[in-house]
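Novice: I'd like to ask some things about the structure below.
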Ligand SMILES: Cc1cc2nc3c(=O)[nH]c(=O)nc-3n(C[C@H](O)[C@H](O)[C@H](O)COP(=O)(O)O)c2cc1C
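Numbering (this note's numbering), first residue to last: 155 to 491.
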């Protein structure tokens, strides 16, 4: 079972990759947050690029592109390979209105003729083993996947990651794993299932329902970075390692140290603002006071003091986030499918 970290804009950067490496809990591969590809913009974003050029792990990093102009996508895809990317992933799922309006990201799923052209040109330009697609199952309705998947399959990307929601469903609905099982009947490459995996049980449910070649985990890895090791333990029938709140403190301290060298110039308030982007996911289900005081801290010293006050102890870290928040919702339905 292949495990992947889901790309997340402004979050799954070099600092987070380094932190997973420090904690010794690595997925089998990474995909960068998306590089925006447009005809007039020829330089790859240097902040994102360093996840590839300075990758400290022995795991491959794929570069992800979002765009709709085929020649520009080919241009940037080749540049990614020249810069050491393990391969190129095409984003066909981003629901941001700004992206979709241009028929890029999730917008591609409602302009199938253009999607067909783009996939064809990328496939022609990229060597075997270097092309993957990350898509949703439709723009408005899951049934759209019946028309989408044959077009993707025709262009034989080497790997297909399916975030099993429609674009309209955003991030908070239940997922639809049966459509991933359906994809297997049409597409013969590697399929990676994505959406609402928050622990070993939800991972196991995905495996039972869709039998994918791999699983991709996003938000839950920000809350519980050890989820990759735990899923591996579950698969090999070992006891699942549990963690303490003090382990969470170590994670936060490592992340803070790894963010620092990426901030140029290093401004304390910005540093604290930056780490909060990751930690909104992390503190779900813990003492609400931690969230309250963390949000209000402005200096590194205050921030670390708050973290230490609440986390420097041997209490168990609850693996499951609460289900009723806007950040984690409806994962329980995976267990009923
Ligand atoms: C804050 C945020 C940023 C995201 N940025 C990207 C992105 O750059 N590229 C992409 O393909 N998906 C992006 N996604 C979607 C995730 O990769 C993933 O498909 C989604 O979160 C569902 O997986 P999960 O339930 O494990 O989080 C983003 C999701 C979130 C929450």
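Quick reminder that beta carbons are idealized off the backbone N, C-alpha and C, glycines included. Just so we're clear, the structure is a prediction, and the values are computed from it rather than from any experiment.
May I have the straight-line CA-CA distance separating residue 488 from residue 421, to the nearest angstrom?
Specialist: Rounded to whole angstroms, residue 488 to residue 421 spans 42 Å at the Cα level.
Novice: Just the C-alpha distance for residue 414 and residue 490, rounded to the nearest angstrom, thanks.
Specialist: Going by the C-alpha atoms only, they are around 43 Å apart.
Novice: For the alpha helix (DSSP H) that contains residue 173, what are its first and last residues?
Specialist: Segment 168-177, the alpha helix (DSSP H) holding residue 173.
Novice: In this structure, how does DSSP classify residue 492 when only helix, strand and coil are distinguished?
Specialist: Outside the shown range of the chain (155 to 491) lies residue 492, about which nothing can therefore be said.
Novice: Does DSSP put residue 460 in a helix, in a strand, or in coil?
Specialist: Residue state, collapsed to three classes: helix.
Novice: Measure the C-alpha to C-alpha separation of residue 471 and residue 345 and round it to an integer number of angstroms.
Specialist: Spanning the two alpha carbons is a distance of roughly 32 Å.
Novice: Residue 236: buried (16+ other C-beta within 10 angstroms of its C-beta) or exposed?
Specialist: Flag for residue 236 reads exposed.
Novice: Would you say the beta carbon of residue 483 comes nearer than 7 Å to a heavy atom of ligand 1?
Specialist: For ligand 1, not one heavy atom lies less than 7 Å from the Cβ of residue 483.
Novice: Taking residue 348 as the reference, give the member of 187, 362, 411, 290 with the closest Cα.
Specialist: It is 290.
Novice: Throw me the rounded Cβ distance for the residue 168 and residue 204 pair, which I believe falls under 8 Å.
Specialist: So it is a contact: roughly 5 Å between Cβ atoms.
Novice: I'd like the list of long-range same chain contacts for residue 574, defined as Cβ closer than 7 Å, with 5 residues on each side in sequence excluded.
Specialist: Summary: the structure shown does not reach residue 574, with the chain confined to residues 155 through 491, and so no result is reported for it.
Novice: Counting only the same chain and skipping the five closest in sequence on each side, list residues whose C-beta sits under 6 Å from that of residue 428.
Specialist: Excluding residues within five positions, the ones whose Cβ falls inside 6 Å are 413.
Novice: Tell me residue 288's beta-bridge partners as DSSP assigns them.
Specialist: Bridge partners of residue 288: 245, 315.
Novice: With a Cβ-Cβ cutoff of 8 Å, do residue 162 and residue 372 count as a contact?
Specialist: Yes; because the gap between Cβ atoms is below 8 Å, this pair is in contact.
Novice: Extract the residue ranges of the beta strand (DSSP E) inside the segment 315-384, only unbroken runs of 3 or more that lie entirely within it.
Specialist: Counting only runs of 3 or more, we get 344-348, 368-371.
Novice: Identify whether residue 156 lies in helix, strand or coil by the three-state DSSP scheme.
Specialist: Strand.
Novice: Excluding five sequence neighbours on each side, which residues of the same chain lie with their C-beta closer than 7 Å to the C-beta of residue 377?
Specialist: Once the five neighbours on either side are set aside, the close Cβ partners of residue 377 are 435, 436, 438, 475.
Novice: Measuring CB to CB, does residue 302 end up less than 8 Å from residue 273?
Specialist: No, Cβ-Cβ distance for residue 302 and residue 273 is not below 8 Å.
Novice: Is there contact between the segment 335-345 and the segment 262-282, where contact requires at least three CB pairs shorter than 8 Å?
Specialist: The segment 335-345, when compared against the segment 262-282, does not touch it at the 8 Å Cβ threshold.
Novice: So what does DSSP say about residue 283, is it helix, strand or coil?
Specialist: Three-state DSSP puts residue 283 in coil, outside helix and strand.
Novice: Does DSSP put residue 299 in a helix, in a strand, or in coil?
Specialist: In this structure, residue 299 counts as helix in the three-state DSSP scheme.
Novice: With respect to 7 Å, is the separation between the Cβ of residue 269 and the closest non-hydrogen atom of ligand 1 below this value?
Specialist: Outside the cutoff, so no.
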